[in-house]
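Number of protein chains: 2
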Amino acid sequence: MDKLLKNLKYVFEAKSIAIIGASDNPEKLGCVIFKNLIEGGFGGKIYPINPKYENLLGLKCYPDVLAVKGNIDAAIIATPAQTVPGILGQCGEKKIKGAVVLSGGFAEVGNSALEEQVKKICIEHGVALIGPNCLGVLNPHTRIDSIFMPFYKFQRPAPGNIAFITQSGGVGSAIVDLAASYGVGISKFISYGNGAVISEAGLMDYLEADARTEIIILYIEGAKDGRKLFEAMKRTNRKKPIIVLKAGRGGRASDAARSHTGNLAGDYLAYKAAFRQAKVVEAESLEELFDFVKIFRQTLPHGREVGVITNGGGIGVLTADALQQEGLELGSMEPKTRKTVSALLPAYGSAGNPLDLIADAGVEKFSGAIEAFMQDADMDAIIIDVLFQVPPIDERLLKVLIKASDDKRKPIAVVAMGGKYTEEQRRMLEGNGVPTYNNPLSAVKAVKKLAEYAEYRRLL
Amino acid sequence: MDKLLKNLKYVFEAKSIAIIGASDNPEKLGCVIFKNLIEGGFGGKIYPINPKYENLLGLKCYPDVLAVKGNIDAAIIATPAQTVPGILGQCGEKKIKGAVVLSGGFAEVGNSALEEQVKKICIEHGVALIGPNCLGVLNPHTRIDSIFMPFYKFQRPAPGNIAFITQSGGVGSAIVDLAASYGVGISKFISYGNGAVISEAGLMDYLEADARTEIIILYIEGAKDGRKLFEAMKRTNRKKPIIVLKAGRGGRASDAARSHTGNLAGDYLAYKAAFRQAKVVEAESLEELFDFVKIFRQTLPHGREVGVITNGGGIGVLTADALQQEGLELGSMEPKTRKTVSALLPAYGSAGNPLDLIADAGVEKFSGAIEAFMQDADMDAIIIDVLFQVPPIDERLLKVLIKASDDKRKPIAVVAMGGKYTEEQRRMLEGNGVPTYNNPLSAVKAVKKLAEYAEYRRLL
Numbered sequence: 292m293d294k295l296l297k298n299l300k301y302v303f304e305a306k307s308i309a310i311i312g313a314s315d316n317p318e319k320l321g322c323v324i325f326k327n328l329i330e331g332g333f334g335g336k337i338y339p340i341n342p343k344y345e346n347l348l349g350l351k352c353y354p355d356v357l358a359v360k361g362n363i364d365a366a367i368i369a370t371p372a373q374t375v376p377g378i379l380g381q382c383g384e385k386k387i388k389g390a391v392v393l394s395g396g397f398a399e400v401g402n403s404a405l406e407e408q409v410k411k412i413c414i415e416h417g418v419a420l421i422g423p424n425c426l427g428v429l430n431p432h433t434r435i436d437s438i439f440m441p442f443y444k445f446q447r448p449a450p451g452n453i454a455f456i457t458q459s460g461g462v463g464s465a466i467v468d469l470a471a472s473y474g475v476g477i478s479k480f481i482s483y484g485n486g487a488v489i490s491e492a493g494l495m496d497y498l499e500a501d502a503r504t505e506i507i508i509l510y511i512e513g514a515k516d517g518r519k520l521f522e523a524m525k526r527t528n529r530k531k532p533i534i535v536l537k538a539g540r541g542g543r544a545s546d547a548a549r550s551h552t553g554n555l556a557g558d559y560l561a562y563k564a565a566f567r568q569a570k571v572v573e574a575e576s577l578e579e580l581f582d583f584v585k586i587f588r589q590t591l592p593h594g595r596e597v598g599v600i601t602n603g604g605g606i607g608v609l610t611a612d613a614l615q616q617e618g619l620e621l622g623s624m625e626p627k628t629r630k631t632v633s634a635l636l637p638a639y640g641s642a643g644n645p646l647d648l649i650a651d652a653g654v655e656k657f658s659g660a661i662e663a664f665m666q667d668a669d670m671d672a673i674i675i676d677v678l679f680q681v682p683p684i685d686e687r688l689l690k691v692l693i694k695a696s697d698d699k700r701k702p703i704a705v706v707a708m709g710g711k712y713t714e715e716q717r718r719m720l721e722g723n724g725v726p727t728y729n730n731p732l733s734a735v736k737a738v739k740k741l742a743e744y745a746e747y748r749r750l751l
Numbered sequence: 292m293d294k295l296l297k298n299l300k301y302v303f304e305a306k307s308i309a310i311i312g313a314s315d316n317p318e319k320l321g322c323v324i325f326k327n328l329i330e331g332g333f334g335g336k337i338y339p340i341n342p343k344y345e346n347l348l349g350l351k352c353y354p355d356v357l358a359v360k361g362n363i364d365a366a367i368i369a370t371p372a373q374t375v376p377g378i379l380g381q382c383g384e385k386k387i388k389g390a391v392v393l394s395g396g397f398a399e400v401g402n403s404a405l406e407e408q409v410k411k412i413c414i415e416h417g418v419a420l421i422g423p424n425c426l427g428v429l430n431p432h433t434r435i436d437s438i439f440m441p442f443y444k445f446q447r448p449a450p451g452n453i454a455f456i457t458q459s460g461g462v463g464s465a466i467v468d469l470a471a472s473y474g475v476g477i478s479k480f481i482s483y484g485n486g487a488v489i490s491e492a493g494l495m496d497y498l499e500a501d502a503r504t505e506i507i508i509l510y511i512e513g514a515k516d517g518r519k520l521f522e523a524m525k526r527t528n529r530k531k532p533i534i535v536l537k538a539g540r541g542g543r544a545s546d547a548a549r550s551h552t553g554n555l556a557g558d559y560l561a562y563k564a565a566f567r568q569a570k571v572v573e574a575e576s577l578e579e580l581f582d583f584v585k586i587f588r589q590t591l592p593h594g595r596e597v598g599v600i601t602n603g604g605g606i607g608v609l610t611a612d613a614l615q616q617e618g619l620e621l622g623s624m625e626p627k628t629r630k631t632v633s634a635l636l637p638a639y640g641s642a643g644n645p646l647d648l649i650a651d652a653g654v655e656k657f658s659g660a661i662e663a664f665m666q667d668a669d670m671d672a673i674i675i676d677v678l679f680q681v682p683p684i685d686e687r688l689l690k691v692l693i694k695a696s697d698d699k700r701k702p703i704a705v706v707a708m709g710g711k712y713t714e715e716q717r718r719m720l721e722g723n724g725v726p727t728y729n730n731p732l733s734a735v736k737a738v739k740k741l742a743e744y745a746e747y748r749r750l751l
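Protein sequences appear in the order of chains A and B.
Under the working numbering, the first residue of the first sequence is numbered 292, with each subsequent residue one higher.
Under the working numbering, the first residue of the second sequence is numbered 292, with each subsequent residue one higher.
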């Protein structure tokens, strides 16, 4: 299996790709992915394969991979299930090392024999296979892209350091599309579907060694091999935080999961115990998954004491509520901090934590308060609640927040709730790596996960 | 107090308004609100009041309200705290029935005597007062608007049937701004701050009788009179659902609340018990507050069985998980429904609940499945998970979803997660009254609250 894992690089870093089932009929998968690969800016060679065409979009089309003279690193296969074993056999003969099978119609609909056949062929020829029944891969660094969703509906994220392994193509694409719209970059997106040859454990091992990946997200319904996955997570999580969402938690939800990717969803409690033991970060919902990922781009905190700065008293109160509910603490304030921030407040203001700068506060007061909190040894992380709606706040605040986010002394999270204007500010912050939330509770939950992971890392 | 409550209509329906402290200096509150009132399209008379000016923005400016010859229904006051009692006295003399005091500097900073003075004067003259220390009111029906936030930063919502009472101006404005950006209309926004004269209980009574209000949101830190509020909520909630968020839940969060609006945050457990007894809908976070409001525009369900339709298997699994977690049920499917939906699926598809139409499904399949679920007596509500990213889905689906949302047979909720394209679809849905969520758990929690409220209403 080690050879297979090594060959995965041909999927992610291929210099030449065959699109098997390429077409010019826009209703066909093979047309959409062919076009996406060209228009997405993949710099390597592309070989469309389809016996029905001599040329496709100006490129010579081949009847099969064996007809291609040059070397081919990887194949993306979008042909009917029953043709896949034969095609993979030819790929093996052609020494193609990586493949993605997008087509469904295997174990998830009861055709386990067909899937076994696929597996056997890949192992025999050393073809590292992603799929079948998946969206495949997206690598923004190399522009390798097998996603059949059009660009205008599904934004491709920028290069970044977050890898996303997902059993469900739909769930994965929804999150990556969301990430892209907020300017959150990724290192790799891997929708592995049935995982016939390379399962989540293998992908985890691959990403552990991947220099471009620093954070790993996993969406899983049921693992191919729970024990192996657990071991891989445990190992990897010591170096790179893993954030996991387990779906199909029991009863009829498990049934739904089985008919989705052909895997038993398994006992959720067993998964939960394994996650705890491996100290990976468990998200309870899609939303948390995205919320948590963002904060893990920040510095790890040294403890659980949080400082809160706000220009909206009520948002500060809600943040304090959330901290209490989640078992984090409002940092007590060092006397020197109290002195510094008092100077920022009107005569009747009170220098507490949460620190309410009141709605009159401009950018300088935020900047002063953030620096004072950064210097305060009683604050391990800073949550900054910004009401962008008030007149004294302008775009200069973005710079202050980006600087605070880049500051390695402490992690920060920004809370900003509102309509279009605030939403624009949020996107600009996110695009610059500032974890930004639309409500205090989500920010607090994220900070808590970061603090817990930091505690684990300190124990290593 | 009854007379005061009756006079509240002069705040919300005023035909003539005095802006006390009006100015042409854009840094002054009195300038921003004066301009906002004019530019917002208020159709009545506006009297700027400020002894320093003879004219302001082309309108004659008066030294005080007594100098105005015509009748004045309401005054919006944005002058320093110490001038407010004198000004309110003049308002009383002038028979102005409604007033809003935006200025801070009263009980919230320890000036309780000043606040008492304000209260006495208003009661004496029958002036229904909103404030002090607040954003005041916004009535999209009459375009009365005392919010000092500029239009480009804070969108004004369209007229609608949701009233929003908030103790915190910041929290309130963030939510209303968000609502506006999603096209969710409101009947009234009331930021009442210290609530010196008219408290939340009075506002509740007023809204109970308000023909334009069908749903009431309340954000509260600490009630002026908890018992009165409880009685008012109990009465009102029998007719109009109340959704409440209580902040300042204990310890240091309560301290923060006190310095914010001068009210004791009170014992959260007592509030919680009161909310339960009054059967109002409690939100645990700002996000839930907004999530819950949206679903209450839907028909009340007859039970707790939910049908789930999806074109993304994984999202369906997550929805099933969330239903299980929240104590709702996946509706078993009537045989005739099974037959109908089977015809919509490929040969290998399975007609279950969640119903996975798979990513190939186009608009017609969604439409057929929704109608089948609407007819199924085992489904009380329908959650529709849409992956807008896949090629077969186009804008025609919006029409199908809007029709389903307008269908009085059952409530629906839509789940759609993704980037810019999906976000646009979400906004169009919301603008047409379709409750739309960016993750299954939020949708399920909202449906649960609606089901619980429906159970309560059936018992009345």
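The beta carbon of each residue, even a glycine, is placed where N, CA and C say it ideally should be.
Distance between Arg700(B) and Met665(B), taken at the CA atoms: about 7 Å. Judged by beta-carbon spacing, Gly427(A) lies beyond the 8 Å limit of Val467(A), meaning their Cβ atoms are not closer than that value. Contact with chain B is found for Thr713(A), since one of that chain's Cβ atoms lies less than 8 Å from the residue's Cβ. Glu655(A) and Ala695(A) have their C-alpha atoms spaced approximately 13 Å apart. Beta-bridge annotation (DSSP): Val428(A) is paired with Ile481(A). With contacts defined as CB atoms closer than 8 Å, Val359(A) and Tyr338(A) qualify as a contacting pair. A straight-line Cα-Cα distance of about 40 Å links Leu635(A) and Lys531(A). Here Gln568(B) is exposed: its Cβ has fewer than 16 other Cβ atoms, across all protein chains shown, within 10 Å. Take the alpha-carbon of Ala369(B) and the one of Gly312(B): they are about 5 Å apart. Its chain contains Ala419, Tyr497 as the residues whose beta carbon lies nearer than 6 Å to that of Leu299(B), once the 5 sequence neighbours on both sides are disregarded; these appear in chain order. DSSP assignment within the stretch 385-442 of chain B yields the following whole beta strand (DSSP E) runs of 3 residues or more, N-terminal first: 389-392, 419-421, 427-430. Between Val735(A) and Leu619(A) a beta carbon distance of about 6 Å is seen, short of the 8 Å cut, so the two are scored as contacting. In the DSSP assignment, Asp697(A) falls within the unbroken alpha helix (DSSP H) covering 687-697.
Not one beta carbon of chain B lies nearer than 8 Å to the beta carbon of Ile477(A). Taking 8 Å as the CB threshold, Asp558(B) stays off the interface with chain A.
Taken in chain order, the complete alpha helix (DSSP H) segments of 4 or more residues contained in the stretch 608-654 of chain B are 626-633. Boundaries for Gly517(B): no beta strand (DSSP E) harbours it, while the alpha helix (DSSP H) harbouring it runs 517-528, taken from the DSSP string.
Using a Cβ-Cβ cut-off of 8 Å, Lys515(A) does not count as an interface residue toward chain B, since no Cβ of chain B sits closer than that to its own.
Among the CB atoms of chain B, none fall inside 8 Å of the CB of Asn430(A). DSSP assignment within the stretch 550-603 of chain A yields the following whole beta strand (DSSP E) runs of 3 residues or more, N-terminal first: 572-574, 596-601. The beta-carbon of Asn298(A) is placed no less than 8 Å from the nearest beta-carbon of chain B. Legend: CB atoms of the stretch 594-619 of chain A lying less than 9 Å from CB atoms of chain B belong to residues Val599, Thr601, Asn602, Gly603, Gly604, Gly605, Ile606, Gly607, Val608, Leu609, Thr610, Ala611, Asp612, Ala613, Leu614, Gln615, Gln616. Short of 6 Å from the beta carbon of Asp582(B), and not among the five residues preceding or following it, lie these beta carbons of its own chain, in chain order: Ser733, Ala737. At least one C-beta of chain B is nearer than 8 Å to the C-beta of Asp468(A). Interface with chain A (8 Å Cβ-Cβ cutoff): Ala737(B) is excluded.
Leaving aside the five residues that flank Tyr728(A) on each side, the residues in its chain whose CB is nearer than 6 Å to its CB run, in chain order, Val706, Ala734.
If you look at Tyr301(A), you'll find it in the alpha helix (DSSP H) that goes 293-303. At least one C-beta of chain A is nearer than 8 Å to the C-beta of Glu512(B).
By the Cβ-count criterion, Ala561(B) is exposed, with fewer than 16 other Cβ atoms from all chains shown falling within 10 Å of its own Cβ. The beta carbon of Ile438(A) sits closer than 6 Å to those of Leu426, Leu429, all from its chain and outside the five residues before and after it, given in chain order. Not one beta carbon of chain B lies nearer than 8 Å to the beta carbon of Gln666(A). The shortest CA-to-CA distance from Leu347(A) to any of Ala660(A), Phe325(A), Thr631(A) is the one to Phe325(A).
Taking C-beta separations shorter than 8 Å and ignoring five residues to either side along the sequence, the partners of Phe333(B) in its chain run Ile308, Thr433, Arg434, Ile435, Asp436, following chain order. In the three-state reduction of the DSSP assignment, Thr374(B) falls in the helix class, which pools H, G and I.
DSSP places Val475(B) outside any alpha helix (DSSP H), giving it a letter other than H or E. Under the three-state reduction of DSSP output, Tyr353(A) falls in the strand class.
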